[in-house]
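**Q** Handing you a structure now.
Numbering (this note's numbering), first residue to last: 1 to 256.
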């Protein structure tokens, strides 16, 4: 896979899935643009070790003005975005009747609306080149539900709808739009669920195994590297007729 000459923006890419995707794209030759909070220096170092020195923008993905500023920066400094990976996401778990309204609004803004804003701003330049890849990182929760995750599940189902509409609107161009639907990946969000079980008395191994046993017949986590390889396939010419797909990589979760 050769992505030399392509610029890839990965939102929420300073850790977890986003960082793994950024590393894979950099390894294939793309100029990667990072976004997110936390340990930015380590993320930049890890991506630089795979290829070029990455760019970085600290846009808060819940703020439309900051998203617009990030996309304008990408156009000005790097000639626009060829590969857009909408990965930024947050989580909160509580039953519907107790779900804080501000948490609902924040999750919908970051997990769904941000992808709409980056996509609408990236598409004109992609159309001008007649080449582009939009990869939305959804979740198996875009395909199935889980208790106490109303906002997250609603946002991820919505993200799959946005994926399909974008794919249809670009169907006769060199732009594709697809979604990846990971199962459990050992990210900080998933670690929180393991930690909750540990706090309830489980050992770390018991907590890990119990979480996987509930959903993954494989008994193993999906890795960011595996998702990165799938993203590279979607960027390739071989995937030009993969349009509007919701591709689950989930250890057998949805097959049950």
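All C-beta atoms, glycine included, are put in the ideal place defined by N, C-alpha and C.
(1) Would you say residue 80 and residue 7 are within 8 angstroms of each other, going by their C-beta atoms?
(2) Residue 158 lies in the beta strand (DSSP E); which residues open and close that run?
(3) Tell me, please, which residues DSSP counts as bridged to residue 141.
(4) Go to residue 234, then tell me how far its beta strand (DSSP E) extends in each direction, as first and last residue.
(5) For residue 31, count neighbouring Cβ atoms within 10 angstroms of its own Cβ and tell me buried if that reaches 16, exposed if not.
(6) Residues in the same chain with beta-carbon distance under 6 angstroms from residue 153, minus the five sequence neighbours each way, listed in chain order, please.
(7) Starting from residue 274, trace the alpha helix (DSSP H) both ways and give me its first and last residue.
(8) For residue 57, does the three-state DSSP call read helix, strand or coil?
(9) Provide the residue span of the beta strand (DSSP E) that contains residue 9, from first to last.
(10) Mapping DSSP to helix, strand and coil, what is residue 104?
(11) Does the separation of the CB atoms of residue 184 and residue 216 fall below 8 angstroms?
**A** So, from the data block:
(1) yes
(2) Not the beta strand (DSSP E): residue 158 falls in the alpha helix (DSSP H), residues 150–169.
(3) Paired residue(s): none; residue 141 is not in a bridge.
(4) Note, residue 234: premise wrong, no beta strand (DSSP E); alpha helix (DSSP H) at 224–235.
(5) buried
(6) 141 and 145
(7) Outside the shown range of the chain (1 to 256) lies residue 274, about which nothing can therefore be said.
(8) strand
(9) 7–10
(10) helix
(11) yes
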